[in-house]
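Numbering (this note's numbering), first residue to last: 37 to 439. Each residue gets a CB set at the ideal place from its N, CA and C atoms; glycine is no exception. Scroll down for the structure; my scribbles are underneath it.
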């Protein structure tokens with residue numbers, strides 16, 4: 037008088053699931069064949085067929101004896117994450133993100149085992165991790181590697197041969213193609229999750245960096261806290277165009293920066309982020325965002341009609357909601373031993389440039405004759421002649437409120 041074995045075969049279509057909080061999920065096609073059988077020390081469940089909306093999870097095996105064992109050659113967590121979005125144990129903002137971003141986690145060679153005392157461990161091959169960009173949050177695809185986990189947390193060893201795609205329309209605005217190499221650890225902490233790495237190598241299209249630090253997801257649906265440091269390889273300064281955060285910068289500021297950074301190398305580059313992203317971009321000094329480095333042999337275009345500043349040797353710092361550049365260069369044959377340029381706030385950008393120059397007076401006249409001053413003062417400039425050493429002070433203030 038006890039159940040020894042059972043077989044379930046089902047094929048369902050247009051299954052509508054709903055939760056009491058109003059969110060729902062629709063499964064267009066579900067096909068399952070499962071067999072449960074009692075054994076001497078427990079039971080075993082085999083699932084030769086399990087397919088949910090095209091996601092194939094065939095040949096799943098679950099065995100309960102002295103320990104519980106789960107094996108699967110291929111498993112997709114995507115459909116189950118959509119079911120998780122119906123649970124009231126998950127913050128509403130997270131549920132909505134799960135439904136909109138539709139994260140996909142496809143794993144292979146799954147092996148998991150645990151005992152009644154709560155000790156367990158498992159491993160799997162990460163074949164694909166992906167989620168779509170939603171609202172102001174970024175999207176990611178193409179991530180892969182290997183996974184080791186136990187009751188205390190998990191570690192992911194990334195596959196550097198894989199090409200990941202980072203898509204953040206309201207942030208960087210352009211896709212980043214990345215090769216990632218290193219290990220990332222995840223562990224529960226204070227009702228949320230902590231993600232960290234001691235050495236993550238990031239190789240992009242024309243830049244590369246080492247990153248260490250982590251992020252704390254507080255489990256309440258709010259944005260994470262970040263503590264990250266990056267050391268950048270030498271790279272062309274034009275690579276900076278990939279990192280303008282468009283949600284906090286005016287179109288005018290972005291256009292000017294794109295035109296200003298003409299050529300040169302960024303050396304000794306670094307980046308620091310520390311704070312709660314609920315307070316981004318830390319204007320009230322309630323966090324830190326800073327990135328910078330040294331520009332070598334640079335070429336900077338400050339304003340249309342004027343010669344570019346060449347031979348630039350300068351420090352550049354992006355901090356909070358603005359930037360500052362200080363150094364030396366050469367402007368149309370006039371030496372510029374000292375200059376500064378900066379924008380205090382990217383959301384209301386006002387460019388301020390200050391410079392001091394020295395050189396031959398004739399070179400200065402040639403510079404002025406080739407500048408926008410020629411349009412209104414051309415006759416005067418053509419009538420002038422000068423020679424000998426000269427010292428010059430230069431100031432430029434320009435509003436960049438282009439919409």
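Between the beta-carbon of residue 338 and that of residue 432 there is about 6 Å, and that keeps the pair under the 8 Å contact cut. In the displayed model, residue 144 falls within a strand according to three-state DSSP.
190 is the residue among 76, 190 and 244 whose C-alpha sits nearest the C-alpha of residue 231. Nearest neighbour of residue 423 by Cα position, chosen from 141, 395, 46 and 53, turns out to be 395. Ranked by Cα distance from residue 244, the first of 198, 286 and 306 is 306. Around the beta-carbon of residue 142, 16 or more other beta-carbon atoms lie within 10 Å, marking it buried. Rounded to the nearest whole angstrom, the CA to CA distance from residue 158 to residue 75 is 23 Å. Excluding sequence positions up to five before and after residue 254, its CB lies within less than 8 Å of the CB of 226, 227, 228, 260 and 261, all in the same chain and listed in chain order.
Cβ atoms of residue 107 and residue 121 stay farther apart than 8 Å, at about 27 Å.
Contact annotation: residue 392 and residue 419 have beta-carbon atoms that are not nearer than 9 Å. According to the DSSP assignment, residue 366 belongs to the beta strand (DSSP E) that extends over 358–367. Taking C-beta atoms as the reference points, residue 303 and residue 267 fail to come closer than 9 Å.
Only buried fits residue 202, as 16 or more other CB atoms lie within 10 angstroms of its CB. Leaving aside the five residues that flank residue 346 on each side, the residues in its chain whose CB is nearer than 7 Å to its CB run, in chain order, 335, 365 and 366. Annotation: residue 399 is outside any beta strand (DSSP E); the continuous alpha helix (DSSP H) that includes it extends over 397–405. As DSSP reads the structure, residue 65 sits in a beta bridge with 49.
Looking at 60, 375, 177 and 361, the one whose alpha-carbon comes closest to that of residue 213 is 177. If you check the CB distance, residue 349 and residue 378 do not come in under 9 Å. Linking residue 198 to residue 380 through their CA atoms gives a straight-line distance of about 39 Å.
Residue 327: not part of any alpha helix (DSSP H); member of the beta strand (DSSP E) spanning 323–336, first to last residue. The DSSP-derived three-state label of residue 164 is strand.
When only Cα atoms are considered, residue 92 and residue 273 end up about 46 Å apart.
In this structure, residue 263 sits near residue 309, with a CB-CB distance shorter than 9 Å.
Contact annotation: the stretch 397–414 does not touch the stretch 381–389, with fewer than three C-beta pairs closer than 8 Å. With 16 or more other Cβ atoms inside 10 Å of its own Cβ, residue 86 counts as buried. No Cβ-Cβ contact shorter than 9 Å links residue 218 with residue 206. DSSP places residue 119 in the uninterrupted alpha helix (DSSP H) bounded by 114–120.
Residue range 78–88 is occupied by the beta strand (DSSP E) that includes residue 85.
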